[in-house]
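Chemist: Below are the structure tokens for one structure; questions will follow.
Number of protein chains: 2
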Amino acid sequence: MTVTKKRLSERKHQAILDAAAEEFMEFGFQGANMDRVASRAEVSKRTVYNHFASKESLFESITRQIWHQAQTATDVPFQADVAIADQLLNIAERELALLESPHYLRLTAVVLAEFARSQELATQARDWVKQEESGARRWMDQAVAAGRLNTDDAETATTQFFSLIKGRAFWPQMIEHAPIPTAAEQARIAQSSVALFLDHYGLKDDR
Amino acid sequence: MTVTKKRLSERKHQAILDAAAEEFMEFGFQGANMDRVASRAEVSKRTVYNHFASKESLFESITRQIWHQAQTATDVPFQADVAIADQLLNIAERELALLESPHYLRLTAVVLAEFARSQELATQARDWVKQEESGARRWMDQAVAAGRLNTDDAETATTQFFSLIKGRAFWPQMIEHAPIPTAAEQARIAQSSVALFLDHYGLKDDR
DNA sequence: CACAGAGTAAACCGCTCAGTGTAATATAGT
DNA sequence: ACTATATTACACTGAGCGGTTTACTCTGTG
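Residue numbers (the working numbering), protein chains in the order written: chain A, 128 to 334; chain B, 128 to 334.
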């Protein structure tokens with residue numbers, strides 16, 4: 128179990144994960160072909176099955192990676208001494224930054240498609256979406272508690288805020304394979320979402 | 128080619144379409160099984176293939192039905208003499224009414240999953256989404272032209288309006304299989320979406 | 001060199017499934 | 001009764017694919 132030896136095996140392991148991600152991105156879960164995964168990874172099929180018990184478990188591993196990435200994206204602390212608009216802008220930008228990775232985007236599409244297809248996974252899906260917005264949700268709770276937003280329903284507000292962003296810079300990319308917005312477009316989306324949101328929820332003396 | 132003769136064949140045709148819809152809803156496109164479609168439709172497999180050349184073409188036929196349903200949902204005329212808020216509320220309610228049909232919902236999920244999976248269908252998907260919002264989009268254009276909305280970007284406004292609704296009453300049902308909102312919840316969603324939208328885009332003297 | 005753990009190639013198993021061919025039967029108008 | 005068209009049962013083809021087995025090789029270490 129020396130260093131180099133371990134590394135070889137680990138490289139294979141990672142190669143398989145990468146190849147599988149590619150494969151899932153291109154063909155979805157059902158369409159993915161384990162022979163192709165092996166050949167993509169430049170590894171024998173048997174090696175794939177030595178590292179992962181089944182297609183399912185391989186998919187799970189990939190899913191968990193995506194999970195983690197989204198989870199930490201919008202997790203920012205509430206700062207009482209910073210303008211609400213600026214903080215929301217920051218959150219929006221973090222969310223939008225996720226789109227920059229086509230890898231993330233395509234894999235998320237596959238995972239969501241699986242969720243949409245199977246009710247069994249609905250519970251997982253619920254966790255998933257919650258995780259993704261949980262950081263911002265905490266922020267929103269604190270903003271409401273601090274009396275800096277004109278509502279007592281932080282959950283609705285959170286959903287609405289993200290809906291405004293995702294409706295223009297997530298779902299179109301998921302479903303229509305729309306091009307990823309340029310930095311300028313992202314800025315516009317972030318700003319107009321915040322503006323729309325704060326015209327309703329913002330306090331007059333907070334700008 | 129008499130009436131009754133035609134009717135028999137047409138009944139089979141429709142039975143196949145219905146059965147296929149069921150099957151696609153339950154298993155998705157790839158998972159759907161043509162033998163099961165036939166047995167669901169209480170029709171021989173050969174008859175299925177006499178009516179539809181392939182699984183794909185059967186799926187296309189189903190897709191087109193959904194198309195049509197969504198297309199006409201929010202197609203309302205702009206009325207210069209009615210308050211903007213009331214008209215928007217009407218559009219929102221029409222959009223929300225689509226959710227009442229689990230049939231529509233589940234099939235849309237399957238279709239969208241297929242779109243998310245394949246770039247080839249991206250073009251079709253783009254048309255699809257445009258169609259769906261085109262009614263409201265026309266309304267929005269006219270409202271802007273009539274100077275009743277405080278913007279000159281009807282497209283963004285349309286997207287934002289629908290994002291607010293769908294973020295709470297479409298995507299959660301698609302992805303997380305969230306329960307369909309009750310009538311009371313739907314009313315709340317419609318009202319708060321319109322309120323949020325008009326606080327930004329509405330004119331002060333229009334309420 | 002010897003050894004062990006990991007990797008490899010390729011055949012293989014079992015099963016699923018889209019789609020077809022066929023020959024018999026049913027339907028409904030004339 | 002005759003005819004044209006639909007429908008049916010069912011066997012079958014051919015391909016794809018998840019996963020396994022086997023017999024062999026490679027790599028790095030002690």
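The beta carbon of each residue, even a glycine, is placed where N, CA and C say it ideally should be. Values in this document were obtained by computation on a predicted structure and should not be read as measured data.
Taking residue 200(B) as part of the alpha helix (DSSP H), name the residues at either end of that continuous run.
Modeler: Here residue 200(B) corresponds to residue number 73 of the second sequence, with the count starting at 1. Taken as a continuous stretch (DSSP letters only), the alpha helix (DSSP H) holding residue 200(B) covers 182-200.
Chemist: Under a Cβ-count criterion, where at least 16 other Cβ atoms within 10 Å of its own Cβ denotes burial, should residue 270(B) be classed as buried or exposed?
Modeler: Counting from one through the second sequence, the residue named residue 270(B) turns up at place 143. The residue is buried, with at least 16 neighbouring Cβ atoms inside 10 Å.
Chemist: Can you find a CB in chain A that lies within less than 8 Å of the CB of residue 322(B)?
Modeler: Residue 322(B) sits at position 195 when you count from the first residue of the second sequence. Answer yes: the Cβ-Cβ gap between residue 322(B) and chain A drops below 8 Å somewhere.
Chemist: Kindly indicate which three-state DSSP category residue 315(B) falls into: helix, strand or coil?
Modeler: By one-based count along the second sequence, residue 315(B) stands at place 188. If DSSP states are grouped into helix, strand and coil, residue 315(B) belongs with the helices.
Chemist: When we look at the beta-carbon of residue 146(A) and count the other beta-carbons within 10 Å, is it buried (16 or more) or exposed?
Modeler: By 1-based counting over the first sequence, the position of residue 146(A) is 19. It counts as buried.
Chemist: According to a CB-to-CB cut-off of less than 7 Å, which residues of the stretch 157-178 of chain A neighbour chain B?
Modeler: 157, 158
Chemist: Can you tell me the Cα-Cα spacing of residue 313(A) and residue 200(A), whole angstroms?
Modeler: Position 186 of the first sequence, counted from the first residue, corresponds to residue 313(A). Position 73 of the first sequence, counted from the first residue, corresponds to residue 200(A). One alpha carbon belongs to residue 313(A), the other to residue 200(A), and they sit about 16 Å apart.
Chemist: Let me see if you follow: with CB-CB separation under 8 Å, is residue 139(A) close to chain B or not?
Modeler: Here residue 139(A) refers to the residue found at position 12 of the first sequence. Look at residue 139(A): its C-beta is not under 8 Å from any C-beta on chain B.
Chemist: With respect to the alpha helix (DSSP H) encompassing residue 278(A), which residues constitute its N-terminal and C-terminal limits?
Modeler: On the first sequence, position 151 is the one that residue 278(A) refers to. First-last for residue 278(A): undefined, no H or E at that position.
Chemist: So with Cβ pairs under 8 Å, would you call residue 286(B) a contact of chain A?
Modeler: Translated into positions along the second sequence, residue 286(B) becomes position 159. So yes, residue 286(B) belongs to the interface.
Chemist: From residue 209(B) to residue 216(B), what does the alpha carbon distance come to, in whole angstroms?
Modeler: Here residue 209(B) refers to the residue found at position 82 when the second sequence is read from its first residue. Here residue 216(B) refers to the residue found at position 89 when the second sequence is read from its first residue. Using only the alpha carbons, I get a separation of about 11 Å.
Chemist: Show which residues of chain A have a CB atom less than 9 Å away from the CB atom of residue 222(B).
Modeler: By 1-based counting over the second sequence, the position of residue 222(B) is 95. The contacting residues do not exist; residue 222(B) stays about 13 Å from chain A at best.
Chemist: Answer with buried or exposed for residue 250(A), where buried requires no fewer than 16 other C-beta atoms within 10 angstroms of its C-beta.
Modeler: Looking up residue 250(A) in the first sequence gives position 123. Residue 250(A) is exposed by the Cβ-count criterion.
Chemist: Which same chain residues, not among the five before or five after residue 188(A), have their C-beta less than 6 Å away from its C-beta?
Modeler: On the first sequence, residue 188(A) is found 61 positions in, with the first residue counted as 1. Around residue 188(A): no qualifying Cβ.
Chemist: Can you confirm whether residue 326(B), when its beta carbon is compared against all beta carbons of chain A, has any partner nearer than 8 Å?
Modeler: Start at 1 with the first residue of the second sequence, and residue 326(B) comes out as number 199. Answer yes: the Cβ-Cβ gap between residue 326(B) and chain A drops below 8 Å somewhere.
Chemist: In whole angstroms, what is the alpha-carbon distance linking residue 264(B) and residue 192(B)?
Modeler: Here residue 264(B) is taken as the residue at index 137 of the second sequence, counted from 1. Here residue 192(B) is taken as the residue at index 65 of the second sequence, counted from 1. Between residue 264(B) and residue 192(B), the C-alpha separation is close to 21 Å.
Chemist: My output table needs one value for residue 205(A): the three-state DSSP class, helix, strand or coil.
Modeler: Residue numbering aside, residue 205(A) sits at position 78 when the first sequence is read from its first letter. Looking at residue 205(A) - three-state DSSP - the assignment turns out to be coil, as it is neither helix nor strand.
Chemist: Could you spell out the range, first to last residue, of the alpha helix (DSSP H) harbouring residue 229(B)?
Modeler: For the purposes of this step, residue 229(B) is identified with residue 102 of the second sequence, where counting begins at 1. Per DSSP, residue 229(B) belongs to the alpha helix (DSSP H) from 229-244.
Chemist: List, in chain order, every chain A residue whose beta-carbon is nearer than 8 Å to that of residue 283(B).
Modeler: Your numbering for residue 283(B) matches position 156 in the second sequence. Correct list: 295, 319.
Chemist: In or out: residue 195(A) buried (at least 16 other Cβ within 10 Å) or exposed?
Modeler: The residue you call residue 195(A) lines up with position 68 of the first sequence. When all chains shown are included, residue 195(A) counts as exposed.
Chemist: In chain A, which residues lie less than 7 Å from residue 304(B) when you measure between Cβ atoms?
Modeler: Your numbering for residue 304(B) matches position 177 in the second sequence. Per Cβ cutoff of 7 Å: 246, 249.
Chemist: Counting only Cβ pairs nearer than 7 Å, list the residues of chain A close to residue 267(B).
Modeler: Along the second sequence, one-based indexing puts residue 267(B) at 140. The premise fails here: residue 267(B) is roughly 14 Å from chain A at the closest Cβ pair, so nothing lies under 7 Å.
Chemist: Tell me the DSSP secondary structure of residue 144(A) in three-state form.
Modeler: Position 17 of the first sequence, counted from the start, is the residue given in the question as residue 144(A). Helix at residue 144(A).
Chemist: To the nearest angstrom, how far is the alpha carbon of residue 203(B) from that of residue 218(B)?
Modeler: Here residue 203(B) is taken as the residue at index 76 of the second sequence, counted from 1. Here residue 218(B) is taken as the residue at index 91 of the second sequence, counted from 1. When rounded, the distance between both Cα atoms is 7 Å.
Chemist: Rounded to whole angstroms, what's the CA-CA distance from residue 239(B) to residue 292(A)? Just pull it up for me.
Modeler: In the second sequence, counting from the first residue as 1, residue 239(B) sits at position 112. In the first sequence, counting from the first residue as 1, residue 292(A) sits at position 165. Rounded to the nearest angstrom, the gap between the Cα atoms of residue 239(B) and residue 292(A) is 20 Å.
Chemist: Roughly how many angstroms separate the alpha carbons of residue 159(B) and residue 164(A), rounded to a whole number?
Modeler: Here residue 159(B) refers to the residue found at position 32 of the second sequence. Here residue 164(A) refers to the residue found at position 37 of the first sequence. Straight-line Cα distance between these residues: approximately 24 Å.
Chemist: Could you check the C-alpha separation between residue 306(A) and residue 300(A) for me, to the nearest Å?
Modeler: As a working mapping, residue 306(A) is identified with position 179 in the first sequence. As a working mapping, residue 300(A) is identified with position 173 in the first sequence. Those two C-alpha atoms are separated by around 6 Å.
Chemist: Hey, how far is the Cα of residue 284(A) from the Cα of residue 143(A)?
Modeler: Counting from 1 along the first sequence, the entry for residue 284(A) is found at position 157. Counting from 1 along the first sequence, the entry for residue 143(A) is found at position 16. One C-alpha to the other measures close to 41 Å.
Chemist: Could you round the C-beta distance between residue 308(A) and residue 316(A) to whole angstroms and report it? I think they count as a contact, below 8 Å.
Modeler: By one-based count along the first sequence, residue 308(A) stands at place 181. By one-based count along the first sequence, residue 316(A) stands at place 189. With a Cβ gap of about 6 Å, residue 308(A) and residue 316(A) count as contacting.
Chemist: Once DSSP output is grouped into helix, strand and coil, what is the label at residue 247(B)?
Modeler: Numbered from its first residue, the second sequence carries residue 247(B) at position 120. Here residue 247(B) sits in helix by DSSP.
Chemist: Looking only at C-alpha atoms, which of 237(A), 207(A), 254(A), 323(A) sits nearest to residue 268(A)?
Modeler: To locate residue 268(A), count along the first sequence from 1; it is residue 141. Nearest option by C-alpha distance: 207(A).
Chemist: Specify the secondary structure class of residue 303(B) as computed by DSSP and reduced to three states.
Modeler: Against the second sequence, residue 303(B) aligns to sequence position 176. Note: residue 303(B) maps to coil in three-state DSSP.
Chemist: For residue 325(A), which of helix, strand or coil comes out of DSSP?
Modeler: For the purposes of this step, residue 325(A) is taken as residue 198 along the first sequence, with counting starting at 1. In this structure, residue 325(A) counts as helix in the three-state DSSP scheme.
Chemist: Under 8 Å, Cβ to Cβ, is there at least one residue of chain B near residue 155(A)?
Modeler: Here residue 155(A) corresponds to residue number 28 of the first sequence, with the count starting at 1. Judged by the 8 Å Cβ criterion, residue 155(A) is in contact with chain B.
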